[in-house]
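Each remark here refers to the structure printed beneath this line.
Numbering (our numbering), first residue to last: 70 to 493.
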(Lines of atoms letter the chains of each structure in order from A and count residues from 1; the text may use other names and numbers.)
(Lines give C-alpha, C1' and ligand atoms only; values in the text may rest on other atoms or scores of the structure.)
Protein backbone atom coordinates (compact mmCIF):
# COMPACT_ATOMS: atom_id res chain seq x y z
CA UNK A 1 0.00 0.00 0.00
CA UNK A 2 1.41 3.34 -1.04
CA UNK A 3 2.09 5.83 1.72
CA UNK A 4 -0.22 8.80 1.85
CA UNK A 5 1.61 12.06 1.26
CA UNK A 6 0.45 14.76 3.62
CA UNK A 7 0.57 18.33 2.27
CA UNK A 8 3.16 20.49 3.96
CA UNK A 9 1.46 23.11 6.15
CA UNK A 10 1.88 26.65 4.92
CA UNK A 11 3.73 29.10 7.12
CA UNK A 12 1.55 32.12 7.58
CA UNK A 13 3.47 35.36 7.53
CA UNK A 14 2.44 39.03 7.71
CA UNK A 15 1.72 40.31 4.20
CA UNK A 16 3.15 43.72 3.31
CA UNK A 17 0.26 45.91 2.16
CA UNK A 18 1.98 49.24 1.66
CA UNK A 19 4.99 51.40 2.42
CA UNK A 20 4.94 55.11 3.26
CA UNK A 21 8.26 56.73 2.41
CA UNK A 22 7.69 60.49 2.22
CA UNK A 23 8.88 61.53 5.71
CA UNK A 24 11.92 63.79 5.95
CA UNK A 25 13.08 62.30 9.25
CA UNK A 26 12.47 59.34 11.56
CA UNK A 27 8.80 58.69 12.36
CA UNK A 28 8.70 58.34 16.15
CA UNK A 29 5.10 57.13 16.34
CA UNK A 30 2.48 56.09 13.82
CA UNK A 31 -0.98 54.58 14.29
CA UNK A 32 -3.58 53.00 12.04
CA UNK A 33 -7.01 54.65 11.91
CA UNK A 34 -9.42 51.79 12.69
CA UNK A 35 -11.75 50.58 9.91
CA UNK A 36 -10.27 53.06 7.45
CA UNK A 37 -7.39 53.13 5.02
CA UNK A 38 -5.57 55.82 6.94
CA UNK A 39 -2.43 56.30 9.01
CA UNK A 40 -1.42 59.11 11.40
CA UNK A 41 2.29 59.78 11.91
CA UNK A 42 4.41 62.17 13.96
CA UNK A 43 8.07 62.72 13.19
CA UNK A 44 11.34 64.26 14.24
CA UNK A 45 10.84 66.70 11.34
CA UNK A 46 8.11 68.40 13.50
CA UNK A 47 5.24 67.24 11.30
CA UNK A 48 1.93 65.56 11.92
CA UNK A 49 0.59 63.82 8.85
CA UNK A 50 -2.62 61.96 8.08
CA UNK A 51 -2.06 59.58 5.21
CA UNK A 52 -5.07 58.40 3.20
CA UNK A 53 -5.02 55.67 0.60
CA UNK A 54 -5.90 56.91 -2.87
CA UNK A 55 -7.29 55.08 -5.89
CA UNK A 56 -3.73 54.46 -7.05
CA UNK A 57 -3.17 52.30 -3.96
CA UNK A 58 -0.61 54.70 -2.51
CA UNK A 59 -0.87 56.68 0.72
CA UNK A 60 -0.72 60.47 0.43
CA UNK A 61 -0.62 63.06 3.24
CA UNK A 62 -4.10 64.61 3.18
CA UNK A 63 -3.27 66.61 6.33
CA UNK A 64 0.16 68.13 6.93
CA UNK A 65 0.75 70.18 10.07
CA UNK A 66 4.04 71.55 11.39
CA UNK A 67 4.64 71.75 15.16
CA UNK A 68 6.97 74.13 17.05
CA UNK A 69 9.38 71.28 17.84
CA UNK A 70 10.06 67.62 17.11
CA UNK A 71 7.15 65.31 17.91
CA UNK A 72 8.49 62.61 20.23
CA UNK A 73 5.38 60.54 21.01
CA UNK A 74 1.66 60.30 20.35
CA UNK A 75 -1.55 58.66 21.56
CA UNK A 76 -4.65 58.42 19.37
CA UNK A 77 -8.13 57.62 20.70
CA UNK A 78 -10.31 56.25 17.86
CA UNK A 79 -13.60 56.87 19.70
CA UNK A 80 -13.13 60.59 20.18
CA UNK A 81 -10.60 60.98 17.32
CA UNK A 82 -8.45 62.90 19.76
CA UNK A 83 -4.74 63.01 19.13
CA UNK A 84 -2.51 63.71 22.12
CA UNK A 85 1.12 64.47 21.51
CA UNK A 86 4.38 65.06 23.33
CA UNK A 87 7.22 67.14 21.96
CA UNK A 88 10.97 67.37 22.27
CA UNK A 89 11.01 70.64 24.24
CA UNK A 90 8.03 69.84 26.50
CA UNK A 91 6.80 73.44 26.20
CA UNK A 92 3.35 74.73 27.13
CA UNK A 93 1.19 76.28 24.48
CA UNK A 94 -1.45 77.79 26.80
CA UNK A 95 0.22 78.11 30.20
CA UNK A 96 3.87 78.20 31.21
CA UNK A 97 3.22 76.29 34.43
CA UNK A 98 2.91 72.69 33.30
CA UNK A 99 5.71 71.06 31.36
CA UNK A 100 8.44 68.47 31.40
CA UNK A 101 11.92 69.85 31.52
CA UNK A 102 13.01 67.59 28.69
CA UNK A 103 11.80 65.36 25.88
CA UNK A 104 8.39 63.75 26.43
CA UNK A 105 8.94 59.99 26.21
CA UNK A 106 5.42 58.55 26.53
CA UNK A 107 1.94 60.07 26.36
CA UNK A 108 -1.28 58.16 27.05
CA UNK A 109 -4.88 59.40 26.87
CA UNK A 110 -7.44 57.70 29.14
CA UNK A 111 -10.93 58.41 27.80
CA UNK A 112 -12.82 56.96 30.78
CA UNK A 113 -11.08 59.28 33.22
CA UNK A 114 -10.48 62.21 30.82
CA UNK A 115 -6.87 62.03 31.93
CA UNK A 116 -3.65 62.44 30.00
CA UNK A 117 -0.71 60.53 31.43
CA UNK A 118 2.81 61.45 30.39
CA UNK A 119 6.45 60.90 31.21
CA UNK A 120 9.60 62.75 30.27
CA UNK A 121 13.36 62.66 30.39
CA UNK A 122 13.12 64.86 33.47
CA UNK A 123 12.06 61.68 35.37
CA UNK A 124 8.59 63.10 36.08
CA UNK A 125 5.39 61.13 35.61
CA UNK A 126 2.37 63.46 35.46
CA UNK A 127 -1.33 63.26 34.78
CA UNK A 128 -3.54 66.11 33.60
CA UNK A 129 -7.23 66.72 33.09
CA UNK A 130 -7.73 66.60 29.33
CA UNK A 131 -10.69 69.02 29.49
CA UNK A 132 -9.20 71.84 31.57
CA UNK A 133 -5.50 71.21 31.11
CA UNK A 134 -4.97 71.25 34.87
CA UNK A 135 -2.16 69.14 36.25
CA UNK A 136 -3.69 66.65 38.69
CA UNK A 137 -0.60 64.98 40.06
CA UNK A 138 3.10 64.26 39.71
CA UNK A 139 5.36 61.39 40.70
CA UNK A 140 9.16 61.54 40.59
CA UNK A 141 10.77 58.40 39.15
CA UNK A 142 14.33 57.20 39.72
CA UNK A 143 15.22 57.11 36.01
CA UNK A 144 13.90 58.09 32.59
CA UNK A 145 10.58 56.43 31.93
CA UNK A 146 10.42 54.54 28.65
CA UNK A 147 7.20 52.52 29.11
CA UNK A 148 3.74 53.42 30.43
CA UNK A 149 0.44 51.53 30.71
CA UNK A 150 -2.78 52.16 32.66
CA UNK A 151 -5.55 49.94 34.01
CA UNK A 152 -8.86 51.83 34.02
CA UNK A 153 -10.69 49.48 36.39
CA UNK A 154 -8.19 49.73 39.26
CA UNK A 155 -6.55 53.06 38.33
CA UNK A 156 -3.12 51.48 38.42
CA UNK A 157 -0.32 52.95 36.32
CA UNK A 158 2.59 50.74 35.24
CA UNK A 159 5.80 52.66 34.76
CA UNK A 160 8.94 51.10 33.25
CA UNK A 161 12.23 52.99 33.37
CA UNK A 162 15.85 52.96 32.23
CA UNK A 163 17.05 51.20 35.39
CA UNK A 164 15.12 48.09 34.34
CA UNK A 165 12.52 48.58 37.07
CA UNK A 166 8.74 48.50 36.74
CA UNK A 167 6.76 50.59 39.25
CA UNK A 168 3.04 50.20 40.00
CA UNK A 169 1.25 53.34 41.17
CA UNK A 170 -2.32 53.78 42.39
CA UNK A 171 -3.62 57.04 40.94
CA UNK A 172 -6.25 59.23 42.56
CA UNK A 173 -7.69 62.52 41.38
CA UNK A 174 -4.90 64.61 42.88
CA UNK A 175 -2.45 62.13 44.40
CA UNK A 176 -0.89 58.71 43.96
CA UNK A 177 0.51 55.97 46.15
CA UNK A 178 3.29 53.50 45.50
CA UNK A 179 1.97 49.94 45.32
CA UNK A 180 5.14 47.99 44.54
CA UNK A 181 8.21 47.79 42.33
CA UNK A 182 9.74 44.77 40.64
CA UNK A 183 12.82 44.20 38.55
CA UNK A 184 13.70 41.29 36.31
CA UNK A 185 15.57 42.88 33.42
CA UNK A 186 19.30 43.52 33.27
CA UNK A 187 18.75 46.35 30.75
CA UNK A 188 16.40 49.30 30.58
CA UNK A 189 12.68 48.69 30.04
CA UNK A 190 11.86 49.72 26.47
CA UNK A 191 8.19 48.73 26.13
CA UNK A 192 5.16 47.76 28.22
CA UNK A 193 1.88 46.10 27.25
CA UNK A 194 -1.08 45.47 29.58
CA UNK A 195 -3.76 42.80 29.15
CA UNK A 196 -6.71 43.87 31.36
CA UNK A 197 -8.57 40.58 30.85
CA UNK A 198 -5.85 38.17 31.94
CA UNK A 199 -4.39 40.91 34.17
CA UNK A 200 -0.92 40.28 32.84
CA UNK A 201 1.79 42.86 32.15
CA UNK A 202 4.40 42.30 29.44
CA UNK A 203 7.69 44.18 29.59
CA UNK A 204 10.37 44.33 26.90
CA UNK A 205 13.93 45.38 27.48
CA UNK A 206 17.25 46.35 25.95
CA UNK A 207 18.55 43.01 27.28
CA UNK A 208 16.62 41.39 24.36
CA UNK A 209 14.13 39.68 26.69
CA UNK A 210 10.41 39.90 27.43
CA UNK A 211 8.89 39.12 30.82
CA UNK A 212 5.24 38.28 31.43
CA UNK A 213 4.31 39.43 34.93
CA UNK A 214 1.28 37.85 36.60
CA UNK A 215 -0.22 40.95 38.23
CA UNK A 216 -3.77 39.84 39.00
CA UNK A 217 -3.44 36.06 39.28
CA UNK A 218 -2.14 36.12 42.83
CA UNK A 219 0.70 33.71 42.02
CA UNK A 220 3.38 36.30 41.43
CA UNK A 221 4.88 34.39 38.54
CA UNK A 222 7.25 35.92 36.00
CA UNK A 223 7.61 34.11 32.67
CA UNK A 224 10.59 34.94 30.44
CA UNK A 225 10.42 35.00 26.63
CA UNK A 226 13.72 34.86 24.77
CA UNK A 227 13.36 35.31 21.02
CA UNK A 228 15.15 38.50 20.00
CA UNK A 229 18.78 39.24 19.16
CA UNK A 230 18.53 43.00 19.79
CA UNK A 231 16.63 45.29 22.13
CA UNK A 232 12.85 44.96 22.16
CA UNK A 233 11.24 48.07 20.67
CA UNK A 234 7.51 47.35 20.89
CA UNK A 235 4.88 45.02 22.35
CA UNK A 236 1.26 44.50 21.28
CA UNK A 237 -1.23 41.92 22.55
CA UNK A 238 -4.05 40.36 20.51
CA UNK A 239 -6.56 39.21 23.16
CA UNK A 240 -8.93 37.49 20.71
CA UNK A 241 -6.24 34.99 19.71
CA UNK A 242 -4.10 35.27 22.86
CA UNK A 243 -0.97 36.11 20.94
CA UNK A 244 1.77 38.57 21.78
CA UNK A 245 3.52 40.53 19.03
CA UNK A 246 7.00 41.83 19.74
CA UNK A 247 9.55 43.63 17.60
CA UNK A 248 13.21 44.51 17.99
CA UNK A 249 15.60 47.12 16.66
CA UNK A 250 17.13 44.67 14.18
CA UNK A 251 13.77 44.40 12.39
CA UNK A 252 12.69 41.09 13.89
CA UNK A 253 8.99 40.51 14.55
CA UNK A 254 8.00 37.60 16.79
CA UNK A 255 4.45 36.34 17.25
CA UNK A 256 4.13 34.40 20.49
CA UNK A 257 1.38 31.90 21.26
CA UNK A 258 0.29 32.75 24.81
CA UNK A 259 -2.52 30.19 24.81
CA UNK A 260 -0.17 27.54 26.21
CA UNK A 261 0.88 26.65 29.73
CA UNK A 262 4.26 28.23 30.17
CA UNK A 263 6.83 27.53 32.87
CA UNK A 264 8.94 29.84 34.96
CA UNK A 265 12.67 29.71 34.42
CA UNK A 266 14.44 28.38 37.51
CA UNK A 267 16.68 30.49 39.70
CA UNK A 268 20.37 29.85 39.18
CA UNK A 269 21.84 27.92 42.08
CA UNK A 270 25.11 28.83 43.80
CA UNK A 271 27.79 26.22 44.26
CA UNK A 272 31.55 25.98 44.66
CA UNK A 273 31.70 22.84 42.54
CA UNK A 274 29.83 21.27 39.64
CA UNK A 275 26.55 19.83 40.91
CA UNK A 276 26.87 16.94 38.46
CA UNK A 277 30.49 15.73 38.55
CA UNK A 278 31.56 17.60 41.72
CA UNK A 279 34.65 19.09 40.06
CA UNK A 280 35.69 22.36 41.77
CA UNK A 281 35.16 25.73 40.16
CA UNK A 282 38.18 27.97 39.72
CA UNK A 283 37.57 30.03 42.88
CA UNK A 284 37.33 26.94 45.12
CA UNK A 285 41.01 26.90 46.12
CA UNK A 286 40.62 24.44 49.00
CA UNK A 287 39.00 21.72 46.91
CA UNK A 288 41.46 22.33 44.05
CA UNK A 289 44.36 21.87 46.49
CA UNK A 290 42.88 18.80 48.13
CA UNK A 291 41.97 17.11 44.83
CA UNK A 292 45.05 18.39 42.97
CA UNK A 293 42.83 19.50 40.10
CA UNK A 294 42.54 22.75 38.17
CA UNK A 295 39.33 24.63 38.79
CA UNK A 296 36.70 24.82 36.06
CA UNK A 297 34.49 27.62 34.79
CA UNK A 298 30.94 27.71 36.12
CA UNK A 299 27.87 27.51 33.86
CA UNK A 300 24.16 27.07 34.56
CA UNK A 301 21.60 24.74 33.04
CA UNK A 302 18.70 26.82 31.76
CA UNK A 303 16.18 24.07 32.54
CA UNK A 304 17.04 23.06 36.11
CA UNK A 305 19.18 26.01 37.17
CA UNK A 306 22.00 23.88 38.57
CA UNK A 307 25.61 25.10 38.53
CA UNK A 308 27.54 22.84 36.17
CA UNK A 309 30.87 22.69 34.36
CA UNK A 310 31.28 22.92 30.60
CA UNK A 311 31.76 19.16 30.20
CA UNK A 312 28.47 18.39 31.96
CA UNK A 313 26.58 21.02 29.93
CA UNK A 314 28.02 20.66 26.45
CA UNK A 315 24.64 20.18 24.76
CA UNK A 316 22.10 22.76 23.61
CA UNK A 317 18.34 22.66 23.18
CA UNK A 318 15.34 24.89 22.71
CA UNK A 319 12.83 24.97 25.58
CA UNK A 320 9.86 26.91 24.12
CA UNK A 321 7.54 26.47 27.10
CA UNK A 322 10.19 28.19 29.21
CA UNK A 323 10.44 30.93 26.62
CA UNK A 324 13.71 29.76 25.04
CA UNK A 325 12.97 29.71 21.32
CA UNK A 326 16.72 29.67 20.59
CA UNK A 327 19.03 26.87 21.67
CA UNK A 328 20.45 27.36 25.16
CA UNK A 329 22.85 25.49 27.43
CA UNK A 330 21.37 22.53 29.33
CA UNK A 331 22.97 19.82 31.42
CA UNK A 332 23.21 16.28 30.08
CA UNK A 333 20.39 14.87 32.22
CA UNK A 334 18.00 17.68 31.28
CA UNK A 335 18.88 17.27 27.59
CA UNK A 336 17.87 13.63 27.78
CA UNK A 337 14.57 14.53 29.43
CA UNK A 338 13.54 17.04 26.75
CA UNK A 339 11.33 15.38 24.13
CA UNK A 340 10.59 16.42 20.56
CA UNK A 341 7.17 17.57 21.77
CA UNK A 342 8.86 19.81 24.34
CA UNK A 343 10.88 21.36 21.52
CA UNK A 344 7.80 22.28 19.47
CA UNK A 345 8.04 26.05 18.83
CA UNK A 346 5.48 28.38 20.38
CA UNK A 347 6.46 31.43 18.32
CA UNK A 348 6.92 32.40 14.68
CA UNK A 349 9.66 34.72 13.43
CA UNK A 350 9.44 37.33 10.69
CA UNK A 351 11.75 39.96 9.22
CA UNK A 352 10.41 43.49 8.72
CA UNK A 353 13.49 44.39 6.67
CA UNK A 354 14.05 47.66 8.48
CA UNK A 355 15.24 48.77 11.90
CA UNK A 356 12.02 49.21 13.89
CA UNK A 357 11.52 52.33 16.01
CA UNK A 358 7.81 51.90 16.83
CA UNK A 359 5.06 49.33 16.32
CA UNK A 360 1.24 49.56 16.39
CA UNK A 361 -1.34 46.78 15.99
CA UNK A 362 -4.94 47.46 14.95
CA UNK A 363 -7.02 44.41 15.97
CA UNK A 364 -10.23 45.26 14.11
CA UNK A 365 -8.42 44.99 10.78
CA UNK A 366 -5.54 42.78 11.75
CA UNK A 367 -3.05 45.35 10.50
CA UNK A 368 0.44 45.70 11.93
CA UNK A 369 2.31 48.98 11.45
CA UNK A 370 6.04 49.48 11.93
CA UNK A 371 8.03 52.67 11.58
CA UNK A 372 11.76 52.39 11.07
CA UNK A 373 15.01 54.26 11.34
CA UNK A 374 14.98 54.32 7.52
CA UNK A 375 12.10 56.89 7.71
CA UNK A 376 9.71 54.31 6.21
CA UNK A 377 6.34 53.23 7.63
CA UNK A 378 5.21 49.73 6.66
CA UNK A 379 1.68 48.35 6.99
CA UNK A 380 1.12 44.60 7.03
CA UNK A 381 -1.88 42.30 7.15
CA UNK A 382 -1.29 39.76 9.92
CA UNK A 383 -3.53 36.92 8.84
CA UNK A 384 -1.93 34.67 11.42
CA UNK A 385 -3.39 36.85 14.20
CA UNK A 386 -7.03 37.03 13.17
CA UNK A 387 -9.27 34.03 12.76
CA UNK A 388 -11.74 36.13 10.84
CA UNK A 389 -11.11 39.55 9.38
CA UNK A 390 -13.70 42.11 10.35
CA UNK A 391 -15.49 44.21 7.77
CA UNK A 392 -14.27 47.73 7.30
CA UNK A 393 -15.49 50.79 5.50
CA UNK A 394 -14.85 50.97 1.76
CA UNK A 395 -12.25 53.39 0.49
CA UNK A 396 -14.86 55.43 -1.36
CA UNK A 397 -16.43 56.52 1.94
CA UNK A 398 -13.10 57.74 3.19
CA UNK A 399 -12.14 59.59 0.02
CA UNK A 400 -15.48 61.37 -0.20
CA UNK A 401 -14.85 63.17 3.09
CA UNK A 402 -12.69 66.06 4.11
CA UNK A 403 -10.34 66.02 7.08
CA UNK A 404 -9.81 68.91 9.45
CA UNK A 405 -8.06 69.68 12.72
CA UNK A 406 -9.92 71.41 15.53
CA UNK A 407 -7.09 72.71 17.68
CA UNK A 408 -9.50 72.79 20.61
CA UNK A 409 -7.11 72.43 23.53
CA UNK A 410 -3.38 72.95 23.82
CA UNK A 411 -1.65 72.73 27.16
CA UNK A 412 1.57 71.61 28.81
CA UNK A 413 3.70 69.15 26.89
CA UNK A 414 0.68 67.53 25.20
CA UNK A 415 -1.01 69.04 22.20
CA UNK A 416 -4.53 67.86 21.52
CA UNK A 417 -6.20 67.74 18.17
CA UNK A 418 -9.65 66.45 17.45
CA UNK A 419 -9.53 64.71 14.09
CA UNK A 420 -12.99 64.87 12.55
CA UNK A 421 -14.59 63.60 9.39
CA UNK A 422 -16.69 66.29 7.75
CA UNK A 423 -19.12 65.04 5.16
CA UNK A 424 -18.30 66.54 1.77
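Note that CB positions come from ideal geometry on N, CA and C, so glycine has one too.
Close-in-space but distant-in-sequence residues of the same chain around residue 328 (CB under 7 Å, 5 per side omitted) | Exclusion of the five residues before and after residue 328 leaves 311 as the residues of its chain whose Cβ lies within less than 7 Å of its Cβ.
Determine the contact status of residue 271 and residue 284, defining contact as a CB-CB distance below 8 Å.
-> No, the pair does not count as a contact, with Cβ atoms beyond the cut-off.
Just how far apart, CA to CA, sit residue 334 and residue 191?
-> Using only the alpha carbons, I get a separation of about 35 Å.
Between the Cα of residue 433 and those of 186, 95, 306, 122, spot the shortest distance and give me the residue it belongs to.
-> When C-alpha distances from residue 433 are compared across 186, 95, 306, 122, the shortest belongs to 306.
So what does DSSP say about residue 338, is it helix, strand or coil?
-> In the structure shown, residue 338 sits in coil (DSSP, three-state: anything other than H, G, I, E or B).
If we call anything under 8 Å between Cβ atoms a contact, is residue 229 one with residue 258?
-> In contact: residue 229 and residue 258 (Cβ atoms closer than 8 Å).
Can you tell me which of the three DSSP states residue 390 falls into?
-> In the three-state scheme derived from DSSP, where H, G and I count as helix and E and B as strand, residue 390 is classed as helix.
Contiguous alpha helix (DSSP H) assignments of at least 4 residues, all confined to the segment 360-444 = Under the rule that a run must span 4 or more residues, the alpha helix (DSSP H) segments found entirely inside the segment 360-444 read 401-406.
From residue 470 to residue 127, what distance separates their C-alpha atoms?
-> With a pLDDT of 35 at residue 470, under the threshold of 50, the modelled position of this residue cannot be trusted, and the question is left open.
If you check the beta carbons only, do residue 338 and residue 325 fall under 8 Å apart?
-> Taking C-beta atoms as the reference points, residue 338 and residue 325 fail to come closer than 8 Å.
Three-way DSSP call (helix, strand, coil) for residue 281 in this model | Residue 281: strand per DSSP, three-state reduction.
Contacting residues, own chain, Cβ-Cβ under 8 Å from residue 515 (five flanking each side not counted) = Because the chain spans 70 through 493 in this model, residue 515 falls outside it and cannot be assessed.
Excluding the five sequence neighbours on either side, which residues of its own chain have a C-beta within less than 6 Å of the C-beta of residue 116, listed in chain order?
-> Same-chain partners within the cutoff: 135.
From 444, 435, 446, pick the residue whose C-alpha is nearest to that of residue 105; which is it?
-> If we check each option's Cα against that of residue 105, 435 comes out closest.
For residue 88, which of helix, strand or coil comes out of DSSP?
-> Of the three classes helix, strand and coil, the one that applies to residue 88 here is strand, per DSSP.
If we count Cβ pairs, one from each stretch, closer than 8 Å, do we get three or more for the segment 373-381 versus the segment 351-360?
-> Touching, no.
In the structure shown, what three-state DSSP assignment does residue 351 receive?
-> When DSSP states are grouped into helix, strand and coil, residue 351 belongs to the coil group.
Which first and last residues belong to the beta strand (DSSP E) in which residue 191 is found?
-> That residue, residue 191, is in no beta strand (DSSP E); it is neither H nor E in DSSP.
Buried or exposed (CB count within 10 angstroms, at least 16 for buried), residue 88 = Exposed, since its Cβ has fewer than 16 Cβ neighbours within 10 Å.
On the three-state DSSP scale, how would you describe residue 358?
-> Helix at residue 358.
Note down, in chain order, each residue of its chain lying with its Cβ closer than 6 Å to the Cβ of residue 439, except the 5 sequence neighbours on either side.
-> In the same chain as residue 439, and ignoring 5 residues on each side of it, the C-beta atoms closer than 6 Å to its own belong to 421, 425, 428, 447, in chain order.
Distance CB(residue 203)-CB(residue 236) smaller than 8 Å = In this structure, residue 203 lies away from residue 236, with their beta-carbon atoms at least 8 Å apart.
Beta-carbon contacts of residue 224 that lie in its chain and below 7 Å, excluding the five residues immediately before and after | Only residues of its own chain outside the window of five on either side were considered, and among them 239, 240 have a CB closer than 7 Å to the CB of residue 224, listed in chain order.
Cβ pair residue 419, residue 322 closer than 8 Å = Between residue 419 and residue 322, the C-beta spacing is below 8 Å.
Just how far apart, CA to CA, sit residue 401 and residue 362?
-> The alpha-carbon atoms of residue 401 and residue 362 are separated by roughly 22 Å.
With a 10 Å radius around its C-beta and 16 neighbouring C-beta atoms as the bar for buried, classify residue 286 as buried or exposed.
-> By the neighbour-count rule (16 or more Cβ atoms within 10 Å), residue 286 is not buried but exposed.
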